[in-house]
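Beneath this line is the structure, given in structure tokens, with notes to follow.
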Amino acid sequence: MGVVQRDAAKTTILSFVGLSLGYLNKAVLFVALLTTEQVGLLNLVITVSMLFAQLSNLGTIYSTWRFFPFFRNESKGHYGFLLMNILLVLIGVSIFAFLILAFNGPIVEYYNKKSPLFTSYYLWVIPLGIANVFFLIFESYLRGLFKNVLPVFLQEIFLRLLVLTGLILLSFKVIDFHQFFIFHALVYFIPSLILLVYLVQLKELSFSISSITVPRRFRKILISFSFFSYFNTLATMLVISMDAMMIASYIGLSATGVYTTMIYLTSALMVPYRSIIRVSSTFVAKHWKERNLIALQELYQKSSSVGLLIGLLGFLVIFVPIHELFTFIKDYKSGIYVFVILMVGRILDMYSGLNGTIFSTSRKFKYDLYFTILLCVMVFTMNLWLIPKFGINGAAISTSFAYVAYNVLRCYYVYHLFRLQPFNWSQFKLIALFFAFLGLVEVLEYFQVFEDMNVIHTIVLKEILVFSGFIFPVYFFNLEPEIISYSKSMYQKLKGIIRKSKN
134 MGVVQRDAAK
144 TTILSFVGLS
154 LGYLNKAVLF
164 VALLTTEQVG
174 LLNLVITVSM
184 LFAQLSNLGT
194 IYSTWRFFPF
204 FRNESKGHYG
214 FLLMNILLVL
224 IGVSIFAFLI
234 LAFNGPIVEY
244 YNKKSPLFTS
254 YYLWVIPLGI
264 ANVFFLIFES
274 YLRGLFKNVL
284 PVFLQEIFLR
294 LLVLTGLILL
304 SFKVIDFHQF
314 FIFHALVYFI
324 PSLILLVYLV
334 QLKELSFSIS
344 SITVPRRFRK
354 ILISFSFFSY
364 FNTLATMLVI
374 SMDAMMIASY
384 IGLSATGVYT
394 TMIYLTSALM
404 VPYRSIIRVS
414 STFVAKHWKE
424 RNLIALQELY
434 QKSSSVGLLI
444 GLLGFLVIFV
454 PIHELFTFIK
464 DYKSGIYVFV
474 ILMVGRILDM
484 YSGLNGTIFS
494 TSRKFKYDLY
504 FTILLCVMVF
514 TMNLWLIPKF
524 GINGAAISTS
534 FAYVAYNVLR
544 CYYVYHLFRL
554 QPFNWSQFKL
564 IALFFAFLGL
574 VEVLEYFQVF
584 EDMNVIHTIV
594 LKEILVFSGF
604 IFPVYFFNLE
614 PEIISYSKSM
624 YQKLKGIIRK
634 SKN
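If you're matching positions, the sequence shown starts at 134 in the working numbering and goes up one per residue.
Quick look at the structure:
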């Protein structure tokens with residue numbers, strides 16, 4: 134357990150350092166050094182390459198997470214599990230690379246009118262996708278070996294430092310944008326190559342096809358689980374990719390740059406919540422195994438309360454000084470309403486808590502695929518209608534509305550099937566405080582309290598106001614006991630992990 138705890142402490146620290154580097158790269162330097170069209174191009178190519186990686190992995194990543202512990206046997210070379218996955222990925226890469234090349238004409242025609250720059254670079258999706266998919270399968274395999282730190286370091290820190298290096302070279306005009314694009318694409322191969330060398334050093338990679346043997350008792354469930362997990366995650370990735378691809382087609386890369394930057398901001402605000410979900414997910418599986426629905430209900434409500442607080446606080450941190458913040462990035466002002474609309478969906482996503490994890494770890498895991506397909510269909514059909522009418526705001530509306538409907542349905546079915554629900558009355562006090570605080574901010578704006586201050590002072594004062602006027606009452610008046618108790622317990626656990634990691 135000590136090794137696991139040390140790894141957990143290290144990966145948590147690396148993730149938050151990586152978040153800071155990612156914010157510096159994406160939210161500061163991209164915005165400062167690149168045009169909105171160039172940002173749109175880079176983000177779109179990365180997004181589509183991740184979709185390519187998702188398509189071409191053929192379910193190997195999820196089968197590794199779920200089944201590698203059953204295949205782990207050093208004397209038998211883990212039954213050739215890694216080589217089997219590599220061969221499957223090579224098949225997937227070949228199929229989808231061929232399809233991209235075969236449909237080159239229609240793809241160029243689809244994007245040429247509104248996003249001609251993308252048509253000059255879109256074939257980079259293939260090498261980038263290959264780099265991403267091999268990193269994912271190597272990372273998932275190393276996770277099965279309980280070697281988490283190196284992959285997290287490479288993805289969260291090392292890769293972002295490489296991108297930062299390219300941005301510095303660009304800022305000093307050592308390279309131009311075209312050279313930066315190529316540099317940015319090629320550095321994605323370096324983490325994958327490092328992991329490959331690491332696996333060879335560990336003697337985990339055998340090139341003997343005869344070593345591949347799948348025990349008969351696992352064949353059916355391995356195929357079934359991989360199938361449902363593959364299409365579930367594929368549908369989720371499509372939802373993430375669809376907005377950017379459709380905006381580039383209907384409006385152009387400049388609008389794509391604004392929209393994807395707002396997506397990044399809302400996603401960054403969810404990082405603390407994702408850390409909580411990652412920790413909580415192991416307990417969900419444990420409670421299912423023990424058939425302890427009382428403990429599962431308690432965990433469901435606690436995670437919902439913490440998710441609600443994180444969502445509301447994240448919204449206020451950006452929204453209260455939003456006009457001042459956007460004075461530094463005037464080209465992105467059209468994204469203000471996008472941020473607000475997207476955060477509505479994100480907040481409800483966090484508020485609904487562990488419903489997806491409860492489904493995916495239960496005997497009803499297939500339901501999660503059905504809901505995700507429904508989400509995908511809703512986003513696509515609403516985008517067809519709303520993007521031509523309302524531009525990037527339309528894309529935000531369709532995505533946010535779809536996530537609201539998606540989570541309402543999942544919460545309903547979790548309650549219907551298992552009699553579990555994430556809500557309690559204390560959460561409504563928190564929501565009431567949130568709207569009361571927003572009302573106070575509007576009153577202060579109406580009376581122009583911040584009118585004569587410079588921008589920096591206004592931002593600092595408003596952030597102080599957020600923490601003193603929202604967080605302080607939550608703690609002082611004990612408005613949400615679940616949040617306070619959960620936060621204290623998580624703080625104590627983190628202290629314990631850090632203390633043990635030093636020993």
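C-beta atoms are modelled at their ideal positions from N, C-alpha and C, and glycine is treated no differently.
Best match in the options for proximity to residue i [C-alpha to C-alpha]
| i | options | result |
| --- | --- | --- |
| residue 185 | 256, 248, 146 | 256 |
| residue 482 | 535, 467, 457 | 535 |
| residue 538 | 500, 314, 526, 511 | 511 |
| residue 605 | 442, 220, 299, 433 | 442 |
| residue 159 | 268, 254, 293, 267 | 293 |
| residue 327 | 315, 267, 277 | 267 |
| residue 132 | 151, 194, 228, 591 | Only positions 134 to 636 of the chain appear in this structure, which leaves residue 132 out of reach. |
| residue 603 | 318, 593, 564 | 564 |
| residue 575 | 586, 561, 562, 595 | 595 |
| residue 462 | 167, 241, 319 | 167 |
| residue 419 | 389, 290, 578, 494 | 494 |
| residue 370 | 356, 329, 506 | 506 |
| residue 251 | 302, 356, 296, 178 | 178 |
| residue 431 | 422, 444, 445, 416 | 416 |
| residue 144 | 265, 279, 586 | 279 |
| residue 433 | 410, 454, 173, 455 | 410 |
| residue 322 | 406, 260, 228, 196 | 260 |
| residue 455 | 265, 368, 468 | 468 |
| residue 378 | 583, 180, 156 | 180 |
| residue 385 | 170, 484, 422 | 170 |
| residue 424 | 404, 496, 313 | 496 |
Where the alpha helix (DSSP H) containing residue i begins and where it ends
| i | result |
| --- | --- |
| residue 260 | 258-277 |
| residue 192 | First-last for residue 192: undefined, no H or E at that position. |
| residue 337 | Element bounds for residue 337: n/a, residue is neither H nor E. |
| residue 298 | 292-304 |
| residue 479 | 469-484 |
| residue 286 | 282-286 |
| residue 244 | 237-245 |
| residue 492 | 488-493 |
| residue 249 | 249-254 |
| residue 455 | 455-458 |
| residue 462 | Counting along the chain, residue 462 falls outside any alpha helix (DSSP H), and DSSP gives it neither H nor E. |
| residue 314 | 310-319 |
Distance between beta carbons of residue j and residue i, contact taken as under 8 angstroms
| i | j | result |
| --- | --- | --- |
| residue 394 | residue 164 | 7 angstroms |
| residue 182 | residue 282 | That pair is no contact at about 25 angstroms. |
| residue 525 | residue 471 | 5 angstroms |
| residue 413 | residue 556 | About 17 angstroms; that fails the 8 angstroms criterion. |
| residue 480 | residue 452 | Rounded, the Cβ-Cβ distance is 11 angstroms, inconsistent with contact. |
| residue 465 | residue 381 | About 17 angstroms; that fails the 8 angstroms criterion. |
| residue 612 | residue 559 | 7 angstroms |
| residue 374 | residue 192 | Actually they do not touch by this definition, with Cβ atoms about 18 angstroms apart. |
| residue 238 | residue 189 | That pair is no contact at about 22 angstroms. |
| residue 289 | residue 151 | 3 angstroms |
| residue 487 | residue 337 | Contact doesn't hold; Cβ gap of about 33 angstroms is too wide. |
| residue 83 | residue 270 | Outside the modelled stretch of the chain, which goes from 134 to 636, sits residue 83, for which no answer is possible. |
| residue 287 | residue 324 | 4 angstroms |
| residue 519 | residue 528 | 7 angstroms |
| residue 376 | residue 392 | 6 angstroms |
Distance cut-off 6 angstroms: residue i Cβ against heavy atoms of the ligand ZN
| i | result |
| --- | --- |
| residue 363 | Although the ligand ZN was asked about, the structure shown includes no ligands whatsoever. |
>> Ignoring anything shorter than 4 residues, give me the alpha helix (DSSP H) runs that lie fully in the segment 400-445, in order along the chain.
In response: 404-423
> Which full runs of the alpha helix (DSSP H) of 4+ residues lie inside the segment 539-619, going along the chain?
Replying inline: 558-579, 588-599, 605-609
> With a cut-off of 8 angstroms, do at least 3 Cβ pairs link the segment 227-236 to the segment 296-314?
Replying inline: no
>> Assess contact between the segment 389-406 and the segment 466-484, defined as three or more Cβ pairs (one per stretch) separated by less than 8 angstroms. Is contact present?
In response: yes
> Does the segment 501-518 come close enough to the segment 567-574 to have 3 or more Cβ pairs within less than 8 angstroms?
Replying inline: no
> What are the uninterrupted segments assigned as alpha helix (DSSP H) that are 4 or more residues long and contained completely in the segment 139-167, given in chain order?
Replying inline: 163-166
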